[in-house]
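Okay, so the sequence shown: first residue is 102 according to the numbering used here, each after it adds one.
By construction, the Cβ of each residue, glycine as well, lies at the ideal position given by its N, Cα and C atoms.
Each remark here refers to the structure printed beneath this line.
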Amino acid sequence: MSGERLGTVLSVRTGRVRTQARPEWDERRARPWHTGYWKDEREGPVRIGALGLEGDEQADRRFHGGAEMAVLMYAARHYASWRALPGLEAMGPGGFGENLVLDGADETQVCAGDVLEAGEVRLQISSPRGPCADISRRWNAPWLLPRVLETRRTGWYLRVIEEGVVERGDVVSLVERPHAGWTIDRLLHIRHAVPRDATAMREASALTALAPAWREKFGELASAR
């Protein structure tokens with residue numbers, strides 16, 4: 102298991118907070134939209150610290166960023182299917198606000214708690230990405246957020262174990278897998294399944310490497326009537 106190659110870094114991306122106009126269908130369209138969604142390609146080595154990539158910003162730190170959501174990774178293999186949909190013809194690296202694009206594994210092949218090595222850094226998968234309406238706003242497609250949730254092609258967040266630099270072309274290797282079988286895809290399925298699977302949710306809430314917010318949410322849902 103240790104050293105298994107999961108793919109390579111296809112793109113490293115960061116962005117500053119900017120103000121954008123909201124689409125006409127947005128119920129909050131009268132308010133300015135402050136967002137760090139747009140991420141630009143970075144050339145050469147980029148440092149990753151405990152709170153993310155050097156030069157990267159998030160507009161609302163309540164829901165984005167922090168140690169448990171320091172880095173957002175997305176699977177490159179999904180772009181082609183998104184580009185086939187109307188209005189998404191320009192979809193590509195950065196289209197989901199991601200920092201690292203992985204040319205290789207996807208949500209069905211990586212697990213919560215996986216420790217990954219890329220360049221000088223070690224990262225641990227902390228949780229699925231819980232997508233918000235910014236995805237739909239970015240692409241002026243109100244139907245996109247539900248489609249992302251339906252397909253479970255959300256990407257995933259990572260916490261930083263060892264700081265260092267990463268760059269395009271670095272090999273991404275699996276170093277450790279403490280929660281085998283608990284893929285990002287499976288966690289998303291359990292989170293949104295109807296009817297609710299309380300047993301699976303209780304099991305998910307006990308995953309020590311899963312982000313605390315996700316563990317707490319699974320615990321709450323498992324106990325809800």
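| Check | Outcome |
| --- | --- |
| Sub-8 Å separation of VAL147 and VAL261 beta-carbons | no |
| Neighbourhood of SER306 by C-beta, 6 Å cutoff - its chain only, sequence neighbours within 5 removed | ARG316, PHE319 and GLY320 |
| SER228 vs GLU169 beta-carbon contact at 8 Å | yes |
| Helix, strand or coil at VAL267 [DSSP, three-state] | strand |
| Other residues of its chain near PRO187: CB distance less than 6 Å, five sequence neighbours each side excluded | none |
| Contact test: ARG106 Cβ vs the ligand FAD heavy atom, cutoff 7 Å | Of the ligands one can find in the structure shown there are none, so the ligand FAD has no counterpart to examine. |
| Endpoints, the beta strand (DSSP E) within which MET174 is located | 172-176 |
| Where GLY150 falls, given that 16 or more other Cβ within 10 Å makes a residue buried | exposed |
| Limits of the unbroken alpha helix (DSSP H) element including PRO124 | Note, PRO124: premise wrong, no alpha helix (DSSP H); not H, not E. |
| Range of the contiguous beta strand (DSSP E) that encloses ARG316 | Taken as a continuous stretch (DSSP letters only), ARG316 belongs to no beta strand (DSSP E), being part of the alpha helix (DSSP H) at 313-324. |
| Whether TRP257 touches GLU208 by CB criterion (8 Å) | yes |
| Inside the region 234-262 only - alpha helix (DSSP H) runs reaching at least 4 residues | 235-240 and 245-252 |
| Counterpart residues of GLY153 in DSSP-defined beta bridges | GLY150 |
| Cβ pair THR328, VAL273 closer than 8 Å | This structure cannot speak to residue 328, because the chain is shown only from 102 to 326. |
| Per-residue DSSP class, three states only, for TRP183 | helix |
| At least three beta-carbon pairs within less than 8 Å, the region 121-130 to the region 289-303 | no |
| Cβ-Cβ distance between ARG184 and GLU158 below 8 Å | no |
| Nearest residue (CA-CA) to PRO124, options ALA176, ALA181, ARG287 and ALA234 | ALA234 |
| Supposed contact pair LEU311 and GLY167 - C-beta distance, whole angstroms, cut 8 Å | The Cβ separation is near 15 Å, so there is no contact. |
| Spatially closest choice to VAL222 from ARG230, LEU250 and GLU268, by CA coordinates | GLU268 |
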